[in-house]
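Residue numbering for the sequence shown follows my numbering, beginning at 1 and increasing consecutively. Here's the structure we're looking at; comments come further down.
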Amino acid sequence: MEAKARIRNYSPVRKVLRARTKDGYWPPKETFYTPKWTSTVWPLMLLGEMGFTPDEGVKRACESFLDLHQLDNGAFTCPSPIEVERWKRRHPKKKATRWEEPCLTGNMIRTLLVFGYGEDSRVKKAIDWMPEHQLDDGGWNCNYPEKKVKHSSFMSTVEPLWAYSEIPGAKWTRKMKRSVEQGAEFLLMHRVYKSDHHHWKHSLPFATSLHFPMYYYYDALHGLRVLAKLGYGDDERVRDAVHLILSKRSPDGKWLLEGDWSREPEAQANKRKALVDIDELWMPSKWVTLNCYRALTATGDLDISRK
1 MEAKARIRNY
11 SPVRKVLRAR
21 TKDGYWPPKE
31 TFYTPKWTST
41 VWPLMLLGEM
51 GFTPDEGVKR
61 ACESFLDLHQ
71 LDNGAFTCPS
81 PIEVERWKRR
91 HPKKKATRWE
101 EPCLTGNMIR
111 TLLVFGYGED
121 SRVKKAIDWM
131 PEHQLDDGGW
141 NCNYPEKKVK
151 HSSFMSTVEP
161 LWAYSEIPGA
171 KWTRKMKRSV
181 EQGAEFLLMH
191 RVYKSDHHHW
201 KHSLPFATSL
211 HFPMYYYYDA
221 LHGLRVLAKL
231 GYGDDERVRD
241 AVHLILSKRS
251 PDGKWLLEGD
261 WSREPEAQAN
271 KRKALVDIDE
281 LWMPSKWVTL
291 NCYRALTATG
301 DLDISRK
């Protein structure tokens, strides 16, 4: 509780909060997803990941997010109604559709749960949407509605699972439990970060780097941490991820920040910059170290003698 109380006075948090308007949102007002990194969705995700206790401004931002970005079926979508109308005016002969986004849905469910929305009917509706839209291989893929892909992705799968991990197991319905089992199995069958299409090697260059914040992205630590919190820390198929994380531990018991999605080359090329940088790249990171401790404690591997 003391650590949570200190979060509000944490310098990066203060900087994020100073960037919002008096109404509690981060510009622009008409959409909360774009521009990337600075509009409301992104600081909400960041604050949620750091365990921030919501103030009235954050609560107002959450309410506006639900108004702008929730579809009738409960899922969350990236474009707001105003963005869709603008797109229609620019492309009058093309059909505009607001796709369901498993990544955004899972991530914002998780964020809203951290902010105390567990009993909110709109969040419950979003939770109910998740098990209805898993693919046959057990996971999710944000490209499914538009491109009809049949194979799930790590990124799209970990976010709904992350949301489930914030719900006490005693409150899981039978359908939720089955959804967790199927989603977890997708990550486990891939040894958390390896590809069955590439001879069980990691096909994603970023999967073996340690990142913070996560936003909607993925790496081996994120997958391991979520699986461990869901109760799969003793599954033999997480061992490769455990050994990877242990191999990165510094002699002083800390881990480095190896990546920040908002500081990746693509983001820099588009001149997109987050509201704040958390920790210095390739230096010891409090947040990465904390997440490694969380994951390795859950798997029983924190003792350095077992490295």
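In this text, a Cβ means the ideal position worked out from N, Cα and C, and glycines have one as well.
{"Asked": "With three or more beta-carbon pairs closer than 8 Å as the criterion, would you say the region 268 to 277 touches the region 235 to 247?", "Found": "no"}
{"Asked": "If you scan the region 46 to 106 from start to end, which runs of the alpha helix (DSSP H) of 4 or more residues do you find wholly inside it?", "Found": "56 to 69 and 81 to 90"}
{"Asked": "When we look at the beta-carbon of ARG306 and count the other beta-carbons within 10 Å, is it buried (16 or more) or exposed?", "Found": "The pLDDT assigned to ARG306 is 46, lower than 50, so where the model puts this residue is not dependable, and the model offers no usable value."}
{"Asked": "Three or more C-beta pairs under 8 Å: does that hold for the region 58 to 71 against the region 24 to 33?", "Found": "yes"}
{"Asked": "What number of angstroms, rounded off, separates the C-alpha of LEU113 from the C-alpha of GLY253?", "Found": "31 Å"}
{"Asked": "Taking all protein chains shown into account, decide if SER250 is buried (16 or more other Cβ within 10 angstroms of its Cβ) or exposed.", "Found": "exposed"}
{"Asked": "Which residue marks the beginning of the alpha helix (DSSP H) containing MET189, and which one marks its end?", "Found": "174 to 189"}
{"Asked": "Should GLY233 be labelled buried (16 or more other beta-carbon atoms within 10 Å of its own) or exposed?", "Found": "buried"}
{"Asked": "Per DSSP, what are the beta-bridge partners of HIS211 in this structure?", "Found": "GLY259"}
{"Asked": "Would SER121 be called buried (16 or more neighbouring beta carbons within 10 Å of its own) or exposed?", "Found": "exposed"}
{"Asked": "Measuring only the C-alpha atoms, how far is ALA228 from THR299?", "Found": "6 Å"}
{"Asked": "Does the Cβ of GLN182 lie closer than 7 Å to at least one heavy atom of the ligand MG?", "Found": "In the structure on display, the ligand MG does not appear, and there are no ligands present to speak of."}
{"Asked": "Grouping DSSP H, G and I as helix and E and B as strand, with all else coil, what is SER153?", "Found": "coil"}
{"Asked": "I'd like the span of the alpha helix (DSSP H) that includes TRP37, first residue to last.", "Found": "Counting along the chain, TRP37 falls outside any alpha helix (DSSP H), and DSSP gives it neither H nor E."}
{"Asked": "Taking only runs of the beta strand (DSSP E) that begin and end inside the region 214 to 268, which ones reach a length of at least 3 residues, in chain order?", "Found": "none"}
{"Asked": "Locate the alpha helix (DSSP H) running through ASP128, then write down its first and last residues.", "Found": "121 to 129"}
{"Asked": "Quick check on the DSSP output: the alpha helix (DSSP H) that includes CYS142 runs from which residue to which?", "Found": "It is not in any alpha helix (DSSP H) - CYS142 carries neither H nor E in the DSSP assignment."}
{"Asked": "Less than 8 Å between C-beta atoms, sequence neighbours within five positions excluded: which residues of the same chain meet that for TRP129?", "Found": "ASN73, GLY74, ALA75, GLU100 and THR105"}
{"Asked": "Less than 6 Å between C-beta atoms, sequence neighbours within five positions excluded: which residues of the same chain meet that for TYR218?", "Found": "PHE154, MET155 and VAL158"}
{"Asked": "Where GLU132 and SER262 are concerned, what is the direct C-alpha to C-alpha distance, given to the nearest angstrom?", "Found": "32 Å"}
{"Asked": "Using a 10 Å radius around the Cβ and a threshold of 16 neighbouring Cβ atoms, would you call ASN9 buried or exposed?", "Found": "exposed"}
{"Asked": "In the structure shown, what three-state DSSP assignment does PRO28 receive?", "Found": "coil"}
{"Asked": "Between the C-alpha atoms of LEU204 and GLY138, what's the straight-line distance to the nearest angstrom?", "Found": "20 Å"}
{"Asked": "Give me the residue from GLU258, ASP235 and TYR215 with the minimum Cα distance to LYS36.", "Found": "TYR215"}
{"Asked": "From the DSSP secondary-structure annotation, give me the bridge partner or partners of PRO284.", "Found": "LEU256"}
{"Asked": "Within 10 angstroms of the Cβ of PRO160, are there 16 or more other Cβ atoms? Answer buried if so, exposed if not.", "Found": "buried"}
{"Asked": "Measure the beta-carbon distance from THR111 to LEU44 and round it to whole angstroms, keeping in mind my assumption that it falls under 8 Å.", "Found": "6 Å"}
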